[in-house]
Structures are given as C-alpha cells and as structure tokens.
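>
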Amino acid sequence: MPMGIPKLANEPPKKPKSLWRSLYDNIYQEGFIFLYDLVLEKNASQVIGLMIYLNMRQPDKNQFLFINCPGGYILPGMGVYDTMQALAVPVHTICLGLAASLGCYILSGGAVNSRIALAHAKILIHQPMGALSSISPLELYEECSLLIEDIRKTIIKDYAQRTGRPECIIELDMERDTFMTPIEAKDYGIIDCILSV
Numbered sequence: 018m019p020m021g022i023p024k025l026a027n028e029p030p031k032k033p034k035s036l037w038r039s040l041y042d043n044i045y046q047e048g049f050i051f052l053y054d055l056v057l058e059k060n061a062s063q064v065i066g067l068m069i070y071l072n073m074r075q076p077d078k079n080q081f082l083f084i085n086c087p088g089g090y091i092l093p094g095m096g097v098y099d100t101m102q103a104l105a106v107p108v109h110t111i112c113l114g115l116a117a118s119l120g121c122y123i124l125s126g127g128a129v130n131s132r133i134a135l136a137h138a139k140i141l142i143h144q145p146m147g148a149l150s151s152i153s154p155l156e157l158y159e160e161c162s163l164l165i166e167d168i169r170k171t172i173i174k175d176y177a178q179r180t181g182r183p184e185c186i187i188e189l190d191m192e193r194d195t196f197m198t199p200i201e202a203k204d205y206g207i208i209d210c211i212l213s214v
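Position 62, counted from 1, in the sequence shown is what our numbering calls 79; the numbers after and before it change by one each time, with no gaps.
Rendered as structure tokens:
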C-alpha cells in the first residue's frame with residue numbers, strides 16, 4: 018500500500034486540532050522548489066507560480082531551485098528561466114543528478130555565485146531541439162523552424178551572458194552533446210560552486 022506524502026503539523030499548534038500540511042508544502046514555504054522531471058507545461062507552470070507566490074509572500078527571502086532534469090519543452094523551460102531573472106530575490110540553483118538541455122539552461126540562470134552542483138552531478142549543453150510544447154502541428158513546420166532558430170540564438174546569447182564565454186564558442190559547443198562534470202561546468206561558467214559529499 019503506498020504511503021503517500023508525509024503530513025506535518027503547522028508550527029506551533031495553537032488549536033486543539035492541528036492543521037496538517039504535506040511535507041512539500043512545508044518545504045515550499047521555506048523557499049525550496051524542485052524541478053525533478055522533464056520540463057512540461059504543467060510542472061513549469063507550477064514552478065513559475067510557486068516562485069512568484071513566494072516572491073510576493075516573502076520578498077526578502079532567497080529561493081532555492083533543486084534541479085534533476087533531463088530537458089523538456091523549450092518554451093515552458095524558458096518561462097522558468099525568465100521568471101528567475103525577473104524576481105526581486107535571488108534564486109539559487111542546485112543540480113542534483115542531471116541538468117541536461119533545458120535543465121542546464123535553467124541551472125545557468127541562477128543568481129551569480131549561487132549556481133551549485135553536487136560532486137557527482139552531470140551537466141549537458143546542446144542544441145534546443147524537439148517540441149516547443151505538446152502542441153506542434155506538422156503544417157506549422159516552417160514557422161516552428163524559424164521560431165526554434167530564434168530561440169536558439171536567444172539561448173546562445175543567454176549562455177554567453179551567464180558564462181562569460183563568446184557566443185561563437187557557445188554555438189560550437191551546442192552543436193554537439195557536450196557532457197560536463199561539475200569541475201568542467203564550473204570552468205565553463207555554468208555553475209559557480211561544487212558541493213562535495
């Protein structure tokens with residue numbers, strides 16, 4: 018029988034009957050956000066909504082985005098990246114496991130000096146490819162191709178700004194799958210710090 022998500026009592030219990038919240042609700046209130054799957058419209062919207070809510074509720078409290086992400090849809094992922102840039106508070110990004118494709122892009126978008134990877138994490142930078150979203154009709158192929166090329170240029174520009182590397186180098190590295198260890202990602206400028214175990 019599945020156990021489900023543990024529930025915790027609100028602190029401090031002032032009523033005889035305590036209100037119970039899920040473990041994740043309690044963690045979210047502390048500014049900890051998780052992106053642990055492909056970036057899709059639904060989970061990107063949840064992450065964006067949570068970041069905005071926490072920013073409004075606690076405008077002086079840092080946020081921590083934990084990433085274990087193999088990639089996903091381009092536009093929802095860019096929405097997460099853009100939201101991080103627009104918030105008044107710094108968003109610390111932490112890679113646990115894998116930050117590939119859009120996961121890497123989001124990881125690089127964290128606050129300067131607050132982009133972190135654990136010692137055994139893997140980071141992958143490559144071309145934006147695949148679907149823009151779950152709806153991508155074949156008859157719009159030409160328009161989608163132009164849009165993807167525009168998005169590709171934007172991502173290259175963003176990587177160049179975040180890493181300090183020239184756009185031509187970013188473009189070359191994105192043409193093939195470039196896997197990096199945390200040390201290589203730090204040298205590249207995608208992360209700032211490695212947490213050893």
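Ideal Cβ placement from N, Cα and C applies to all residues, glycine included. Keep in mind that this is a model prediction, so the values were computed, not measured.
1) Taking only three categories from DSSP, how would you classify Ile22?
2) Leaving out five residues on either side along the sequence, give the residues of the same chain with a beta carbon under 8 Å from the beta carbon of Ile123.
3) Using a Cβ-Cβ cut-off of 8 Å (strictly less than) and excluding sequence neighbours within five positions of Arg169, which residues of its own chain qualify?
4) Consult DSSP for Ile208 and reduce its assignment to one of helix, strand or coil.
5) Taking all protein chains shown into account, do 16 or more other C-beta atoms lie within 10 angstroms of the C-beta of Leu71, making it buried, or fewer, making it exposed?
6) Measuring only the C-alpha atoms, how far is Leu141 from Gln80?
7) Helix, strand or coil, according to DSSP, for Phe196 in the structure here?
8) Run through the DSSP bridge pairs and tell me what Gly89 is partnered with.
9) Report the option in Glu47, Lys59, Asp54 whose CA atom is closest to the CA atom of Asp77.
10) Classify Ala134 as helix, strand or coil using the three-state DSSP reduction.
11) Tell me which residues share the same chain as Pro183 and place their Cβ nearer than 8 Å to its Cβ, disregarding the 5 neighbours each side in the sequence.
12) Looking at the structure shown, is Val97 part of a helix, part of a strand, or coil, going by DSSP?
13) Can you tell me whether Gly218 is helix, strand or coil according to DSSP?
14) Within 10 angstroms of the Cβ of Met68, are there 16 or more other Cβ atoms? Answer buried if so, exposed if not.
15) How many angstroms separate the CA atom of Ala103 from the CA atom of Thr195?
16) Within 10 angstroms of the Cβ of Arg219, are there 16 or more other Cβ atoms? Answer buried if so, exposed if not.
17) Opposite Ile50 in the DSSP bridges: which residues?
18) Which partner residues does Cys112 have in the DSSP bridge list?
19) One question on the structure: do Ala105 and Ile208 come within less than 8 Å of each other, judged by their Cβ atoms?
According to the data block:
1) Since pLDDT at Ile22 reaches only 48, below the 50 mark, its modelled position is unreliable, and the value read off the structure follows with that caveat. DSSP places Ile22 in coil when its eight states are reduced to three.
2) Spatial neighbours of Ile123 in its own chain (CB-CB distance under 8 Å, excluding positions within 5 residues in sequence) are listed in chain order as Leu52, Val56, Leu82, Ile84, Cys86, Gly94, Val97, Tyr98, Met101, Thr110, Ala116.
3) Gln144, Pro145, Met191
4) coil
5) buried
6) So the alpha carbons of these two residues sit roughly 24 Å apart.
7) strand
8) Val56
9) Glu47
10) strand
11) Ala177
12) helix
13) Missing from the structure shown is residue 218; the chain here goes from 18 to 214 and no further.
14) With 16 or more neighbouring CB atoms inside 10 Å of its own CB, Met68 falls in the buried class.
15) 28 Å
16) Here the chain comprises residues numbered 18 to 214, so residue 219 is not present and cannot be evaluated.
17) Leu82
18) Ile84, Ala134
19) no
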